[in-house]
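S.K.:
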Amino acid sequence: MPIKILAENKKAFFNYQILETFEAGIVLKGHEVKAALNGKINITGAYVTITKNEVFLINATIGPYQSANLTTSFEPTRSRKLLLNRKEINYLTQLLSQKGLTLIPLKVYIKPASKKNLIKLEFGLAKGKRLFDKRETIKKRDIEKKIRQVKLSE
11 MPIKILAENK KAFFNYQILE TFEAGIVLKG HEVKAALNGK INITGAYVTI
61 TKNEVFLINA TIGPYQSANL TTSFEPTRSR KLLLNRKEIN YLTQLLSQKG
111 LTLIPLKVYI KPASKKNLIK LEFGLAKGKR LFDKRETIKK RDIEKKIRQV
161 KLSE
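Numbering (our numbering), first residue to last: 11 to 164.
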């Protein structure tokens with residue numbers, strides 16, 4: 011069974027240089043799982059942080075599953091805990107001590123397991139790009155596009 015991508019942060023690859031990627035499970039409530047499966051999840055502008063040896067996804071938006079059944083305690087942008095083992099958390103903490111590095115969510119997807127479909131988050135250790143780096147990325151993309159157009163026209 012192939013992996014189904016629920017949300018993707020396309021701007022992350024433009025604004026950041028991704029050095030390394032990691033995978034973690036997300037702790038979600040029942041209605042959040044249903045909403046995420048329906049594609050009502052947005053990770054653009056979200057980030058991952060480590061607080062007291064626990065990893066959290068901050069500022070990710072999961073919309074309501076059904077607007078008619080909203081509870082009063084519904085928070086679409088609440089912090090959600092990520093499931094990593096202690097060794098990975100210590101490794102990330104050590105990496106984040108370096109200046110200029112941050113953790114950015116890249117995509118949320120369903121990973122088929124034995125009997126359950128598990129919702130996972132792929133996040134990356136990232137370093138911010140400067141303006142001239144972004145311009146280079148745009149130039150490369152334009153050149154590749156023109157090359158493809160020439161090949162198709164021949």
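In this text, a Cβ means the ideal position worked out from N, Cα and C, and glycines have one as well.
For the alpha helix (DSSP H) that G40 lies in, which residues bound it at each end?
M.R.: Within the sequence shown, the letter at position 30 stands for residue 40. G40 -> alpha helix (DSSP H) spans 40-47.
S.K.: Could you pull out every residue in the same chain whose Cβ sits closer than 7 Å to the Cβ of K21, ignoring the five residues on either side in sequence?
M.R.: As a first step, residue 21 must be located in the sequence shown, where it is residue number 11. These residues qualify, in order along the chain: T54.
S.K.: Please report the residue range of the alpha helix (DSSP H) in which L162 lies.
M.R.: Numbered from its first residue, the sequence shown carries residue 162 at position 152. That run of the alpha helix (DSSP H) goes 141-163.
S.K.: Give the straight-line distance between the Cα atoms of K144 and F24, rounded to the nearest whole angstrom.
M.R.: Numbered from its first residue, the sequence shown carries residue 144 at position 134. Numbered from its first residue, the sequence shown carries residue 24 at position 14. Roughly 7 Å between the two C-alpha positions.
S.K.: Is V65 near the ligand MN, judged by its Cβ being under 8 Å from some heavy atom?
M.R.: For the ligand MN, the structure offers nothing, since it holds no ligand at all.
S.K.: Quick check: the Cα distance between G40 and K139, rounded to an integer number of angstroms?
M.R.: As a position in the sequence shown, residue 40 is number 30, starting the count at 1. As a position in the sequence shown, residue 139 is number 129, starting the count at 1. Approximately 37 Å, taken between the alpha carbons.
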